[in-house]
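Enquirer: Pasting a structure below so you can have a look.
Structure, rendered in structure tokens:
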């Protein structure tokens, strides 16, 4: 955060330091009304807005700060914070471009390098998902069409089969009852398990596999996160 001496700016700094970002925003806006050409006020306003997740307004404040300063370091600072906000909104293409601009102004900024690489990786994943989506939809439409056609194709065959089944139904009922009783007796005597039932060992293996998969996903998730100290806006 930029330290300023006028009353409005001082009040904003004090409110910001104690975590009252709404009061800080109000104080910085008042100070800007009194001195709109002070670029530092716009930067501090952007920080207060970002802390309140007023992202669009924060971006506008940082852009105003950027337009009013000639310092490469200051411009890199604004671009870095804009990139962080765009990354929070998963606008990876614009976030990567903001970090790229920050690195042009300040090539030694390691945090900007890290976030630039992260934004590019997320952008590639996002583009890959978008490319796969039309193919997935096409496969689903084709499968649905095939499923819709199957009932009509089988309807006539089912009607023909039904006629024959009706003629033989009375003759086969008694035989089926006898076969069913024999099958039941055989299953009870042999003690064979029902193939549709999951054994306790199978259930334990499935549970272990799911737990292992969940751990893998969590590792990948944390590995791709921006460290906490790099997610906040840079302050002076």
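Residue numbers (the numbering used here): 43 to 278. Glycine included, C-beta positions come from ideal geometry on N, C-alpha and C. A quick note: this is a predicted structure, and the numbers were derived from the prediction, not measured.
For the alpha helix (DSSP H) containing residue 88, list its first residue and its last residue.
Expert: First-last of the alpha helix (DSSP H) with residue 88: 81 to 93.
Enquirer: Looking at C-alpha atoms only, which residue of 91, 168 and 71 is the closest neighbour of residue 134?
Expert: Of 91, 168 and 71, the residue nearest in Cα terms is 168.
Enquirer: Apart from the five residues on each side of it in sequence, which residues of its chain come closer than 8 Å, Cβ to Cβ, to residue 279?
Expert: Because the chain here runs from 43 to 278, residue 279 falls outside it and cannot be looked at.
Enquirer: Do residue 129 and residue 83 count as a contact pair if the criterion is CB distance below 9 Å?
Expert: Not in contact: residue 83 and residue 129 (Cβ atoms no closer than 9 Å).
Enquirer: DSSP three-state call for residue 123: helix, strand or coil?
Expert: Note: residue 123 maps to helix in three-state DSSP.
Enquirer: Is the beta carbon of residue 73 closer than 9 Å to that of residue 89?
Expert: No.
Enquirer: Can you grab the Cα-Cα spacing for the pair residue 142 / residue 62, in whole Å?
Expert: In a straight line, the C-alpha of residue 142 is about 32 Å away from that of residue 62.
Enquirer: Taking 9 Å as the CB-CB limit, is residue 175 close to chain D?
Expert: Absent here is chain D; the protein component of the structure consists of one chain.
Enquirer: Let me check understanding here. Comparing Cα to Cα, which of 87, 137 and 126 lies closest to residue 107?
Expert: Taking only the C-alpha atoms, the option nearest residue 107 is 87.
Enquirer: Where does residue 61 fall in DSSP's three states?
Expert: Here residue 61 sits in coil by DSSP.
Enquirer: So, for residue 140: in the same chain, excluding its five sequence neighbours on each side, which residues have a beta-carbon less than 7 Å away from its beta-carbon?
Expert: These residues qualify, in order along the chain: 121, 124, 125 and 128.
Enquirer: So, with DSSP's three-state summary, where would you put residue 155?
Expert: It is helical.
Enquirer: Return the CA-CA distance between residue 81 and residue 173, expressed in angstroms with no decimal places.
Expert: Each residue's Cα considered, the two are about 43 Å apart.
Enquirer: Do residue 136 and residue 97 have their C-beta atoms closer together than 9 Å?
Expert: Taking 9 Å as the Cβ cut-off, residue 136 and residue 97 do not qualify as a contacting pair.
Enquirer: Using a Cβ-Cβ cutoff of less than 6 Å, which residues in the same chain neighbour residue 66 once the five nearest sequence positions on both sides are dropped?
Expert: Here the set comprises 54, 57, 58 and 90.
Enquirer: Whole angstroms are fine: how far does the CA of residue 186 sit from the CA of residue 152?
Expert: Roughly 51 Å between the two C-alpha positions.
Enquirer: Please check the pair residue 112 and residue 138, which I expect to be a contact at CB under 8 Å, by giving their CB distance rounded to whole angstroms.
Expert: In fact, because the Cβ distance is near 25 Å, the residues do not count as touching under 8 Å.
Enquirer: Roughly how many angstroms lie between the CA atoms of residue 71 and residue 170, to the nearest whole one?
Expert: Each residue's alpha carbon lies about 42 Å from the other.
Enquirer: For residue 109, which of helix, strand or coil comes out of DSSP?
Expert: Residue 109: helix per DSSP, three-state reduction.
Enquirer: Quick one: what does DSSP say residue 148 is sitting in, helix, strand or coil?
Expert: Correct three-state label for residue 148: coil.
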